[in-house]
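In my numbering, the protein residues as written are 195 to 465.
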């Protein structure tokens, strides 16, 4: 950290649409590319104001690369990449989820529950894979936008196809493929460890789980017969209750480490 409170780290912010914000150590931020080929500069009040400053200018953050060594800047070692979610309670939900599933996998190993450990580690791996595929897709968009701006061929709303377009298509497919694998691993985990007393057995895909356990994953929505305010509150509770929530603070021991709703309960895993 410098004398003025700035960390010795270069931050490369991936923005929606292929834009980049570059923040070397210090208060200066550069936005590029632009159709006019001109640099846009911002100035930060302090190190922690980067995300807020970008959002104030209407820029949506996809994630941030943190370069902390010369090897990372030179491209011979990967930077610390983190997807970002401005509206989540934890703005780094992917990093938190990766850490959580790693901890759960370790707990499964300590208790000799190797099926639990295997599923947790597969989910942990896929979270990492999805995170990196998101960075790849963002980089493909950036290359596409950069090439159009440098050739003065960018026009808002205009369709185009360049030599970079195929990379965008391929990386979109790769990202969605990894997301599908993660979805199915989560379905397998739910069928094995979340449905107390269930007789559906093990499933390997979310579509199969939805067929075998429709009442759990697709509960009946609230009726509109009551007043509008009651309906809206019940609808919010119903939508919120269909999600699977795992709290890191509750995950030790892991057999009591889950908070479920809408019929999802932890199976006691200790032997």
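Every residue gets a Cβ at the ideal spot worked out from N, C-alpha and C, and that includes glycine.
Among 350, 265 and 208, the one whose alpha carbon lies nearest that of residue 253: Between residue 253 and the set 350, 265 and 208, the nearest pair of CA atoms involves 208.
Taking only runs that begin and end inside the region 305-371, name each unbroken alpha helix (DSSP H) of 4 or more residues, in chain order. Every alpha helix (DSSP H) stretch that sits fully inside the region 305-371 and reaches 4 residues is listed by chain position as 308-344.
Counting beta carbon pairs with one atom in the region 360-373 and one in the region 299-315, are three or more of them shorter than 8 Å? Three or more beta-carbon pairs separated by less than 8 Å are not found between the region 299-315 and the region 360-373, which leaves the two stretches without contact.
Cα-Cα separation, residue 258 to residue 270: Rounded to the nearest angstrom, the two C-alpha atoms are 18 Å apart.
Counting only the same chain and skipping the five closest in sequence on each side, list residues whose C-beta sits under 7 Å from that of residue 226. Only 214 and 233 meet the Cβ criterion.
What is the rounded straight-line gap between the Cα of residue 245 and the Cα of residue 401? Computed Cα separation, rounded: 37 Å.
Close-in-space but distant-in-sequence residues of the same chain around residue 299 (CB under 7 Å, 5 per side omitted): Non-local C-beta neighbours of residue 299 in its own chain, meaning closer than 7 Å and more than five positions away in sequence, comprise 311, 314, 315 and 318, ordered along the chain.
Whole-angstrom distance between residue 342 and residue 229, CA atom to CA atom: So the two alpha carbons sit approximately 8 Å from each other.
For residue 268, three-class secondary structure by DSSP: Secondary structure at residue 268: helix, using DSSP grouped into helix, strand and coil.
How many angstroms separate the CA atom of residue 272 from the CA atom of residue 369? Whole-angstrom Cα-Cα distance: 19 Å.
Residue 244 lies in the alpha helix (DSSP H); which residues open and close that run? For residue 244, the uninterrupted alpha helix (DSSP H) segment begins and ends at 244-250.
Could you tell me the distance, in whole angstroms, from the CA atom of residue 383 to the CA atom of residue 295? Looking at the two C-alpha atoms, the distance is approximately 12 Å.
Assigned secondary structure, residue 375 (DSSP; H/G/I helix, E/B strand, else coil): The answer is helix: DSSP assigns residue 375 an H, G or I state.
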